[in-house]
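A.B. asks: In this text, residue positions in the sequence shown follow this note's numbering: the first is 675, and each later residue adds one. Please read through the structure below; I'll follow up with questions.
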Amino acid sequence: MKWFFFLACFVISGATLAQVRPIYFINDKITTDSTKATSYAIYGKLSTEELWTIKRFDLYNDLIMTGTYKDVDLKTPHGKFTYYGDVDMFNNQFDTFYYFKDRYRFTSQIGNFIDGKKTGVWLSFYPDGKVLTSEIFVENMLNGLYSSYDRKGKMISTGNYVNGKMDGEWLLYGGLQKDIYEMGILKSSVKDKKLLRREYGSPAFN
Numbered sequence: 675m676k677w678f679f680f681l682a683c684f685v686i687s688g689a690t691l692a693q694v695r696p697i698y699f700i701n702d703k704i705t706t707d708s709t710k711a712t713s714y715a716i717y718g719k720l721s722t723e724e725l726w727t728i729k730r731f732d733l734y735n736d737l738i739m740t741g742t743y744k745d746v747d748l749k750t751p752h753g754k755f756t757y758y759g760d761v762d763m764f765n766n767q768f769d770t771f772y773y774f775k776d777r778y779r780f781t782s783q784i785g786n787f788i789d790g791k792k793t794g795v796w797l798s799f800y801p802d803g804k805v806l807t808s809e810i811f812v813e814n815m816l817n818g819l820y821s822s823y824d825r826k827g828k829m830i831s832t833g834n835y836v837n838g839k840m841d842g843e844w845l846l847y848g849g850l851q852k853d854i855y856e857m858g859i860l861k862s863s864v865k866d867k868k869l870l871r872r873e874y875g876s877p878a879f880n
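Structure, rendered in structure tokens:
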């Protein structure tokens with residue numbers, strides 16, 4: 675880990691940072707005991723702004739996340755965040771078969787924080803870069819249009835959130851099911867059972 679840390683510090687400090695520091699994590703909590711760490715990061719203050727930028731890695735030196743914080747204690751995320759995933763782990767989770775000859779990591783999610791709260795559009799991705807989900811946040815709460823897509827870019831589900839609760843018409847399974855919600859409470863559901871069984875093969879819709 676040390677040689678990679680030194681290289682990363684050199685590159686980042688030469689570009690935009692001063693006061694580069696190491697920091698260690700046990701899961702998502704900062705720890706002072708590097709021997710028990712499950713991940714680590716390098717971070718430093720941007721020379722032109724009152725922000726601290728961070729690059730976080732797993733213990734195999736794979737990049738997990740990049741972002742910026744308003745404070746040296748890294749408690750208030752502020753600005754763009756990018757998260758990275760493992761292709762094999764994605765395949766195991768979603769029962770897919772992505773394979774790339776030249777890489778095994780991918781950009782899994784991007785979005786913005788303002789004063790510690792998720793704000794605006796957050797996107798998650800398939801390993802090939804296609805959009806998996808699109809969400810809109812207002813002060814850390816889902817507010818607005820939500821959409822999810824299959825691997826070919828076809829919409830799977832879409833609907834609206836109001837203050838973190840599903841509200842109004844939601845189209846599921848590419849429009850084969852229509853649900854009506856009223857502030858998180860399901861009021862009605864209409865399904866095309868024949869097409870659902872043919873397209874998705876789920877006994878839950880029999």
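All C-beta atoms, glycine included, are put in the ideal place defined by N, C-alpha and C.
Entirely within the stretch 710-767 and at least 4 residues each: give me those alpha helix (DSSP H) ranges in chain order.
C.D. replies: none
A.B. asks: Beta-carbon within less than 6 Å of Lys-744's beta-carbon, same chain only, minus the 5 sequence neighbours each way: which residues are those?
C.D. replies: Position 70 of the sequence shown, counting from 1, holds the residue named residue 744. Cβ within range, chain order: Thr-750, His-752.
A.B. asks: When you compare only the Cα positions, how much space is there between Asp-769 and Phe-780?
C.D. replies: The residue labelled residue 769 in the question sits at position 95 within the sequence shown. The residue labelled residue 780 in the question sits at position 106 within the sequence shown. In this structure, the CA atom of Asp-769 is about 17 Å from the CA atom of Phe-780.
A.B. asks: Could you give the uninterrupted runs of the beta strand (DSSP E) lying entirely in the stretch 788-842, keeping only those of 3 residues or more?
C.D. replies: 791-799, 805-812, 818-823, 829-836
A.B. asks: Under 8 Å, do Lys-729 and Leu-720 count as touching if we go by C-beta distance?
C.D. replies: Against the sequence shown, residue 729 aligns to sequence position 55. Against the sequence shown, residue 720 aligns to sequence position 46. No, they are not a contact pair.
A.B. asks: Going by beta-carbon coordinates alone, are Phe-811 and Lys-839 separated by less than 8 Å?
C.D. replies: Reading the sequence shown from its first residue, position 137 is the one you call residue 811. Reading the sequence shown from its first residue, position 165 is the one you call residue 839. No, these two residues do not count as a Cβ contact at 8 Å.
A.B. asks: Bridge partners for Phe-699 per DSSP, in chain order?
C.D. replies: One-based indexing of the sequence shown puts residue 699 at position 25. Residue pairing by DSSP places Phe-699 opposite Ile-704, Ser-713 in a beta bridge.
A.B. asks: Whose CA, out of Leu-845, Ser-782, Gly-848, lies closest to the CA of Gly-759?
C.D. replies: Stepping through the sequence shown from its first residue, residue 759 is reached at position 85. When only C-alpha atoms are compared, the closest one is Ser-782.
A.B. asks: Just list the residues that DSSP pairs Arg-777 with in beta bridges.
C.D. replies: Within the sequence shown, residue 777 is the residue found at index 103, counting from 1. In DSSP, Arg-777 forms no bridge with anything.
A.B. asks: Under a Cβ-count criterion, where at least 16 other Cβ atoms within 10 Å of its own Cβ denotes burial, should Gly-827 be classed as buried or exposed?
C.D. replies: The residue labelled residue 827 in the question sits at position 153 within the sequence shown. Gly-827 should be labelled exposed.
A.B. asks: Per DSSP, what kind of secondary structure is Gly-858 in: helix, strand or coil?
C.D. replies: Position 184 of the sequence shown, counted from the start, is the residue given in the question as residue 858. If DSSP states are grouped into helix, strand and coil, Gly-858 belongs with coil.
A.B. asks: With which residues is Ser-863 paired in a DSSP beta bridge?
C.D. replies: Here residue 863 refers to the residue found at position 189 of the sequence shown. Answer by DSSP bridge pairing, in chain order: Asp-853.
A.B. asks: Would you tell me roughly how many angstroms separate the C-alpha atoms of Leu-748 and Thr-742, rounded to the nearest one?
C.D. replies: The residue given as residue 748 occupies position 74 in the sequence shown. The residue given as residue 742 occupies position 68 in the sequence shown. Rounded to whole angstroms, Leu-748 to Thr-742 spans 8 Å at the Cα level.
A.B. asks: Less than 8 Å between the beta carbons of Arg-777 and Tyr-800, yes or no?
C.D. replies: Taking the first residue of the sequence shown as 1, we reach residue 777 at position 103. Taking the first residue of the sequence shown as 1, we reach residue 800 at position 126. For Arg-777 and Tyr-800, no; Cβs fall outside 8 Å.
A.B. asks: Under the rule that 16 or more other beta-carbon atoms within 10 Å means buried, what is Gln-851, buried or exposed?
C.D. replies: Within the sequence shown, numbered from 1, the residue matching residue 851 stands at position 177. That one is buried.
A.B. asks: Return the residue from the list Ser-863, Glu-856, Ile-859 that minimises the CA-CA distance to Gly-849.
C.D. replies: On the sequence shown, position 175 is the one that residue 849 refers to. Out of Ser-863, Glu-856, Ile-859, Ser-863 has the C-alpha closest to the C-alpha of Gly-849.
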